[in-house]
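A.B. asks:
Written out as structure tokens, the structure reads:
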């Protein structure tokens, strides 16, 4: 029997099975959705156990297919600094990312979807570590694939989700599921900054860091993992609290050597400020960035 996991936003439907529900029936369940065991797992390597609740997701792609991220969001909590879901997951690799609670008596819950390259098939991942109650997880794999879930217990949990199998039954299917388009979120927060980084350096940019000092990442607008030459990448952060702003930084390594580090600060009170640090032989120009809900564009170009 196929279990359909949590999907977000409007038509998301959680497949989240608690520890208690699995106590007598775990052996008979399909691996697409399993709840966390009662025993504690090691704390996330990317998030110290300073938060009341945290989840580190270790996702293994044990298939011969490349995966492309199509959606990521948090219902509760904040993304871990420098630990965001990747845009691409190569075959037989195991990336990690994490989220944590960022409020009093709260937990963390998130969703990430990956499309199987060259198909319309999607893998739906879900994690939920509430302040009160059992941890729960979902990993919904399309026909021909399996997704196994292991560990994931405790307040500061690490959950392992492993995708295996392959396109054994690649029959055409009409995807009657909710698919979130990667569009800019309407600026409803008191302060928000949408950053666009344009790459005219002649080199590829690979994300090596992304963090927020204040605020949260806007829905489904994380800094991209890769920005190719003559291409642009965009992301957005926003305030999350009373009388607060948003501040963050994204860092990229250039192919062939060099770095690009972009910073933004949109405080509740005071002027917006920005920075763009690049290696010798390159320059970074900025346009825009004013206002409470700001849009700023950085362009990196070669000078030598």
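Residue numbers (this note's numbering): -5 to 298. For each residue, glycine too, the CB sits at the ideal point set by N, CA and C.
1. Between residue 272 and residue 254, is the Cβ-Cβ spacing less than 7 Å?
2. Cβ atoms of residue 187 and residue 73: under 7 Å apart, would you say?
3. Return the chain-ordered list of same chain residues with a C-beta closer than 6 Å to the C-beta of residue 292, the five sequence neighbours on each side being excluded.
4. Given residue 298, which residues of its chain have a CB within under 7 Å of its CB, disregarding the five upstream and five downstream residues?
5. Run the CB neighbour count on residue 267, radius 10 Å, all protein chains shown included, and call it buried at 16 or more, exposed below.
6. My output table needs one value for residue 216: the three-state DSSP class, helix, strand or coil.
7. Evaluate residue 12 with the Cβ neighbour count: other Cβ atoms within 10 Å of its Cβ, from every protein chain shown; 16 or more gives buried, anything less gives exposed.
8. Check the DSSP bridge columns for residue 280 and list the partner residues they point to.
9. Let me know the secondary structure DSSP gives residue 287 once reduced to three states.
10. Answer with buried or exposed for residue 52, where buried requires no fewer than 16 other C-beta atoms within 10 angstroms of its C-beta.
11. Apart from the five residues on each side of it in sequence, which residues of its chain come closer than 8 Å, Cβ to Cβ, to residue 223?
12. Which of the three DSSP states is assigned to residue 68 in this structure?
13. How long is the line joining the alpha carbons of residue 290 and residue 105, rounded to whole angstroms?
14. Helix or strand or just coil, what does DSSP make of residue 60?
15. For residue 108, count the other beta carbons within 10 Å of its own beta carbon; 16 or more makes it buried, fewer makes it exposed. Which is it?
16. So what does DSSP say about residue 120, is it helix, strand or coil?
17. Can you list, in chain order, the residues of its chain whose CB lies under 6 Å from that of residue 299, leaving out five sequence neighbours each side?
18. Counting beta carbon pairs with one atom in the region 49 to 64 and one in the region 84 to 93, are three or more of them shorter than 8 Å?
19. Rank 151, 160 and 69 by C-alpha distance to the C-alpha of residue 135 and give the top, closest one.
20. Can you tell me where the beta strand (DSSP E) holding residue 269 begins and where it ends?
21. Residue 103 and residue 128: beta carbons closer than 7 Å?
22. Please check the pair residue 185 and residue 244, which I expect to be a contact at CB under 8 Å, by giving their CB distance rounded to whole angstroms.
23. So what's residue 140 in DSSP terms, helix, strand or just coil?
24. Run through the DSSP bridge pairs and tell me what residue 151 is partnered with.
25. Excluding the 5 residues flanking residue 233 on each side, which residues of the same chain have their C-beta closer than 6 Å to its C-beta?
C.D. replies: A quick look at the data gives this:
1. Yes, the pair counts as a contact, with Cβ atoms nearer than the cut-off.
2. No, they are not a contact pair.
3. So the list reads 191, 256, 270, 278 and 280, once near-sequence residues are dropped.
4. Within the same chain, 275 come within 7 Å of residue 298 by CB-CB distance, once the 5 residues on both sides are set aside.
5. Answer is exposed; the Cβ neighbour count stays below 16.
6. The three-state reading of DSSP puts residue 216 in coil, since its state is none of H, G, I, E or B.
7. With a pLDDT of only 38 at residue 12, under 50, the local geometry of the prediction cannot be trusted, and the value read off the model is given with reservation. Residue 12 comes out exposed.
8. Residue 280 has 292 as its beta-bridge partners, per DSSP.
9. Here residue 287 carries a strand assignment [DSSP, helix/strand/coil].
10. Counting Cβ neighbours within 10 Å, residue 52 comes out buried, since at least 16 surround it.
11. The beta carbon of residue 223 lies closer than 8 Å to those of 193, 194, 195, 196, 197 and 198 in the same chain, with the five residues before and after it left out.
12. It is a strand residue.
13. Here the alpha carbons of residue 105 and residue 290 stand approximately 28 Å from one another.
14. Under the three-state reduction of DSSP, residue 60 is assigned to coil, being neither helix nor strand.
15. Answer is buried; the Cβ neighbour count reaches 16.
16. It is a strand residue.
17. Since the first residue shown for the chain is -5 and the last is 298, residue 299 is missing from the structure and cannot be characterised.
18. Taking 8 Å as the limit for Cβ pairs, the verdict is that the region 49 to 64 does touch the region 84 to 93.
19. Among 151, 160 and 69, the Cα nearest to that of residue 135 is on 160.
20. Segment 267 to 272, the beta strand (DSSP E) holding residue 269.
21. Contact: no.
22. Rounded, the Cβ-Cβ distance is 18 Å, inconsistent with contact.
23. Here residue 140 sits in strand by DSSP.
24. Paired residues: 49.
25. Taken in chain order, the residues that qualify are 183, 184, 185, 209, 239 and 240.
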